[in-house]
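Residue numbers (our numbering): 16 to 381.
Ideal Cβ placement from N, Cα and C applies to all residues, glycine included.
If you're wondering where the values come from, they're calculated on a predicted model, not measured in any experiment.
To start, the structure under review is shown below, and the notes come after it.
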Ligand code: UD1
């Protein structure tokens, strides 16, 4: 069986690491039923520390194709990807295509495949923010509509698909397999080797710091929201250092902010990220993935958005939504210091999501 995996953005490298490992394991155990996996990198994230470093560190098979479609407007980026992915699919004629999450690479991969009547597996299906101004929301709704296997990470995601009547479509397989990011966190935390720079940062700060990331268009492209968030984090950082690995786009905009205390870093690799997560007191983020990773590492999270797809974290009190309001951020930080939670109930499966995905895809005639 031949599978093409389409990735392009940082969180997708982490997700594919878990699935590629499951494929490798399957091939060792069942050489007669081996899966040939070809990785296509769209080039959406192209900086070394946003891309290459993840492949090397997480031992993801080297992409056989790099389409070099990075930057540009959403329409231009998605359109160029669609054209180039189609060429690869025509040449390789895979039995199935796997796409991850909700980026422009996800939508372009799914659309190119389905038009060639190739079955699409969507990993992280069924998530919804119910905010159609987010490019990610558009990407995920459309990808779910055209995928054959819808691999949901949670029961909430399955319910979202039920509400959209997706089950009425013929030839569709919806399953709650758990979250591949949980698989990745469980595996890589055992072998994570942080860089010298992060080790010495942690030697200096101990666990007296918060970890933060800010990169969502709704925050970075809105000057009022960005300055409110940065003012809040900068004040917090007077007492408890806020460590902020920056996304390239956010980095460009931070020059206009009055930042005195936040410790801004270049983007960090996965091992450094999980080391920061394991040691921090809590997380302030607008990232989807980091909200869950905070939970995997038993850290309270404050989400700098008006809504989240990971509603179970809010319902169980692991995460608090604050938007970009500085007063709310300060207020929640005060409570964070005393918060104690019970992390014993698994919300994202048992850490074997990737294996379940492979078993389903192998059963291609079902
Ligand atoms: C994308 C995803 C988002 C995901 C995020 C993870 C979409 C619509 N959004 O957003 O869901 O959470 O990735 O990081 O697909 N840039 C660089 N170097 C890079 C990558 C990007 O300089 O290696 C610049 C781009 O040129 C662009 C900006 O950063 O100007 C944003 O990159 P883009 O890929 O458009 O979207 P992200 O914000 O990263």
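Can you determine whether any heavy atom of the ligand UD1 sits closer than 8 Å to the C-beta of residue i, and answer yes or no?
| i | result |
| --- | --- |
| residue 31 | no |
| residue 16 | no |
In angstroms, rounded to a whole number, what distance separates the CA positions of residue i and residue j?
| i | j | result |
| --- | --- | --- |
| residue 344 | residue 210 | 30 Å |
| residue 339 | residue 273 | 17 Å |
| residue 239 | residue 323 | 20 Å |
| residue 358 | residue 316 | 13 Å |
| residue 247 | residue 145 | 27 Å |
| residue 62 | residue 279 | 18 Å |
| residue 213 | residue 185 | 50 Å |
| residue 253 | residue 173 | 43 Å |
| residue 285 | residue 93 | 26 Å |
| residue 147 | residue 178 | 16 Å |
| residue 231 | residue 103 | 30 Å |
| residue 17 | residue 50 | 6 Å |
| residue 266 | residue 159 | 33 Å |
| residue 131 | residue 122 | 14 Å |
| residue 171 | residue 303 | 15 Å |
| residue 150 | residue 261 | 20 Å |
| residue 22 | residue 342 | 38 Å |
| residue 250 | residue 313 | 25 Å |
| residue 180 | residue 141 | 12 Å |
| residue 204 | residue 175 | 31 Å |
| residue 325 | residue 44 | 35 Å |
| residue 25 | residue 218 | 27 Å |
| residue 319 | residue 46 | 47 Å |
| residue 294 | residue 107 | 44 Å |
| residue 69 | residue 290 | 15 Å |
| residue 89 | residue 119 | 7 Å |
| residue 264 | residue 236 | 9 Å |
| residue 153 | residue 229 | 21 Å |
| residue 41 | residue 370 | 8 Å |
| residue 77 | residue 299 | 33 Å |
| residue 335 | residue 308 | 15 Å |
| residue 143 | residue 221 | 37 Å |
| residue 368 | residue 52 | 18 Å |
| residue 292 | residue 311 | 9 Å |
| residue 86 | residue 39 | 32 Å |
| residue 282 | residue 183 | 43 Å |
| residue 98 | residue 116 | 20 Å |
| residue 347 | residue 138 | 33 Å |
| residue 333 | residue 168 | 17 Å |
| residue 256 | residue 349 | 14 Å |
| residue 36 | residue 202 | 10 Å |
| residue 234 | residue 156 | 22 Å |
| residue 65 | residue 29 | 11 Å |
| residue 129 | residue 20 | 14 Å |
| residue 360 | residue 269 | 38 Å |
| residue 337 | residue 356 | 19 Å |
If residue i sits next to residue j, beta carbons under 8 Å apart, how far is it from one beta carbon to the other, in whole angstroms?
| i | j | result |
| --- | --- | --- |
| residue 375 | residue 190 | 7 Å |
| residue 100 | residue 127 | 4 Å |
| residue 71 | residue 199 | That pair is no contact at about 15 Å. |
| residue 305 | residue 258 | Not quite, the Cβ-Cβ distance comes to about 13 Å (not below 8 Å), so this is no contact. |
| residue 187 | residue 165 | 7 Å |
| residue 124 | residue 83 | Contact doesn't hold; Cβ gap of about 15 Å is too wide. |
| residue 277 | residue 110 | At roughly 48 Å, the Cβ-Cβ gap does not stay under 8 Å, so residue 277 and residue 110 are not in contact. |
| residue 48 | residue 377 | 7 Å |
| residue 327 | residue 362 | 5 Å |
| residue 192 | residue 372 | 6 Å |
- Runs of alpha helix (DSSP H) wholly within the segment 336-360 (minimum 4 residues, chain order): You should have 341-351.
- Heavy atoms of the ligand UD1 versus C-beta positions, residues under 5 Å: Counting only beta-carbon distances shorter than 5 Å to the non-hydrogen atoms of the ligand UD1, the qualifying residues in chain order are 24, 25, 59, 60, 61, 62, 65, 86, 118, 119, 150, 151, 263 and 264.
- Item | 3-residue-minimum beta strand (DSSP E) runs that sit fully inside the segment 275-326, ordered along the chain | The segment 275-326 contains these whole beta strand (DSSP E) runs: 278-280, 297-300 and 316-318.
- Query: Can you give, in chain order, each stretch of the beta strand (DSSP E) that sits fully within the segment 205-229 and has at least 3 residues?
  - Reply: Secondary structure within the segment 205-229: the beta strand (DSSP E) runs of 3 or more consecutive residues, fully enclosed, are 224-228 (chain order).
- Message: Which complete alpha helix (DSSP H) runs does the segment 65-120 hold, if anything under 4 residues is left out?
- Response: You should have 67-72 and 89-107.
- Run through the segment 181-206 for me and flag every whole beta strand (DSSP E) of 3 or more residues, listed as ranges in chain order. As far as the segment 181-206 is concerned, its whole beta strand (DSSP E) runs of at least 3 residues are 188-191.
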